[in-house]
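So the structure is just underneath, and the comments pick up after that.
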Amino acid sequence: SQTIHQWPATLVQPVGSPLSLECTVEGTSNPNLYWYRQAAGRGLQLLFYSVGIGQISSEVPQNLSASRPQDRQFILSSKKLLLSDSGFYLCAWRVKGLGTNEQFFGPGTRLTVL
Amino acid sequence: GNSVTQMEGPVTLSEEAFLTINCTYTATGYPSLFWYVQYPGEGLQLLLKATKADDKGSNKGFEATYRKETTSFHLEKGSVQVSDSAVYFCALRDSGGSNYKLTFGKGTLLTVNP
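Chains as they are written, first to last, in our numbering: chain F, 110 to 223; chain R, 1156 to 1269.
Okay, here's the thing in structure tokens:
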């Protein structure tokens, strides 16, 4: 069966520090991968998606970036965190070609920037 | 562009009360519609979905009917339980494109008291 992992589960970082959040998927190949952010009072916002290794599309301009170095690995990064980067970050995956078009979400990483 | 508007909470109900969470959408073409649920401290889980007009999605006693004429997908449950306390997200997936992006509403916090 397929599983999705995210780490760390929680993170507290000072303003201006770098960030690296990792997401890995098991049990599937060549999935579409997604990064969402859930900020307080703002719902879910799609940040990045990837349809393949090295292919990243950005939905919202900001100081975050994403990379997909391997088929089932998706990384969210920042060189210098801002206070506004605080939130709950969710990774999701979807199998290509299925008509059910469901996205499966990971457990999330709660980031607090102080 | 696509957008989803859902009833803002928080919603507080007593056990066995009737639940309605309104959701309306704006989209081109014929989107698929979803309700996701996020239990405290967890990621999102798909609750139900509908892929075409007049379809009814149902799961765990929850129902929602895809109404194209009113562009709505309201979530209902006849008798809520304490364990239903969670944040509920309405979402749509556009009918075009291969990346299957989801557009989410802001979420509605439901608290069910015993």
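Backbone N, C-alpha and C define an ideal beta-carbon position, used for all residues, glycine too.
CB contact check: residue i to chain F, cutoff 8 Å
i, result
"Lys1261(R)", "yes"
"Lys1256(R)", "yes"
"Phe1244(R)", "yes"
Chain R contact for residue i (CB, 8 Å cutoff)
i, result
"Gly215(F)", "yes"
"Arg177(F)", "no"
"Tyr158(F)", "yes"
"Leu120(F)", "no"
"Leu223(F)", "no"
"Gln111(F)", "no"
"Gln171(F)", "no"
"Leu199(F)", "yes"
"Leu155(F)", "yes"
Span of the beta strand (DSSP E), counted from its first residue to its last, around residue i
i, result
"Ser1169(R)", "Val1166 to Ser1169"
"Pro178(F)", "Leu173 to Gln179"
"Arg1222(R)", "Note, Arg1222(R): premise wrong, no beta strand (DSSP E); not H, not E."
"Ala148(F)", "Asn141 to Ala148"
"Arg1248(R)", "Ala1241 to Arg1248"
"Leu1201(R)", "Leu1199 to Ala1205"
"Phe183(F)", "Gln182 to Ser187"
"Ser138(F)", "Where Ser138(F) is concerned, there is no enclosing beta strand (DSSP E), given that its DSSP letter is neither H nor E."
"Phe197(F)", "Gly196 to Arg203"
"Arg219(F)", "Thr218 to Val222"
"Tyr158(F)", "Gly152 to Gly161"
"Leu112(F)", "In the sequence as displayed, the identity of residue 112(F) is Thr instead of Leu. Thr112(F) -> beta strand (DSSP E) spans Thr112 to Trp116."
"Tyr1185(R)", "Tyr1185(R) -> no beta strand (DSSP E), and no H or E assigned at all."
Sequence-distant residues of the same chain with beta carbon closer than 6 Å to residue i, five excluded per side
i, result
"Leu1264(R)", "Gly1164, Pro1165 and Val1242"
"Val121(F)", "Thr221"
"Thr1258(R)", "Asn1157, Val1159 and Leu1247"
"Tyr143(F)", "Tyr158 and Ala201"
"Thr1226(R)", "Thr1179 and Tyr1180"
"Asp194(F)", "Val222"
Other residues of its chain near residue i: CB distance less than 7 Å, five sequence neighbours each side excluded
i, result
"Tyr1194(R)", "Ala1241"
"Leu1203(R)", "Trp1190, Gly1212, Ser1213, Asn1214, Phe1217 and Ala1219"
"Val160(F)", "Asn141"
"Pro1295(R)", "Outside the displayed span of chain R (1156 to 1269) sits residue 1295(R), for which this structure offers no information."
Contacting residues, own chain, Cβ-Cβ under 8 Å from residue i (five flanking each side not counted)
i, result
"Gln1200(R)", "Tyr1191, Val1192, Gln1193 and Tyr1194"
"Thr112(F)", "Val134, Glu135 and Gly136"
"Pro123(F)", "Leu190, Val222 and Leu223"
"Asp1249(R)", "Asn1157, Ala1182, Thr1183, Gly1184, Pro1186, Lys1256 and Thr1258"
"Thr184(F)", "In the sequence as presented, Thr is not what sits at residue 184(F); that position holds Ile. Excluding sequence neighbours, Ile184(F) sits near Ser129, Leu130, Glu131, Cys132, Ala175, Ser176, Arg177 and Pro178."
contact_flag[the segment 152-168 of chain F, the segment 209-222 of chain F] where n(CB pairs < 8 Å) is 3 or more: no
Contact the segment 1164-1184 of chain R vs the segment 166-183 of chain F: 3+ CB pairs below 8 Å: no
Proximal residues, the segment 1184-1204 of chain R versus chain F, C-beta separation under 9 Å: Ser1187, Phe1189, Tyr1191, Gln1193, Gly1196, Glu1197, Gly1198, Leu1199, Gln1200, Leu1201 and Lys1204
If you measure beta-carbon to beta-carbon, which residues of the segment 129-153 of chain F are closer than 7 Å to chain R? Asn141, Arg151, Gly152 and Leu153
Could you check whether the segment 1221-1236 of chain R touches the segment 1171-1184 of chain R, counting it as contact only if at least three pairs of C-beta atoms, one from each stretch, sit closer than 8 Å? Counting Cβ pairs under 8 Å, three or more are found: they touch.
Relative to chain R, which residues along the segment 179-191 of chain F have a C-beta separation below 9 Å, given in chain order? none
Does the count of Cβ pairs from the segment 159-166 of chain F and the segment 110-126 of chain F closer than 8 Å reach three? No: fewer than three Cβ pairs fall under 8 Å.
On the three-pair Cβ rule with 8 Å, is the segment 1176-1189 of chain R touching the segment 1204-1217 of chain R? yes
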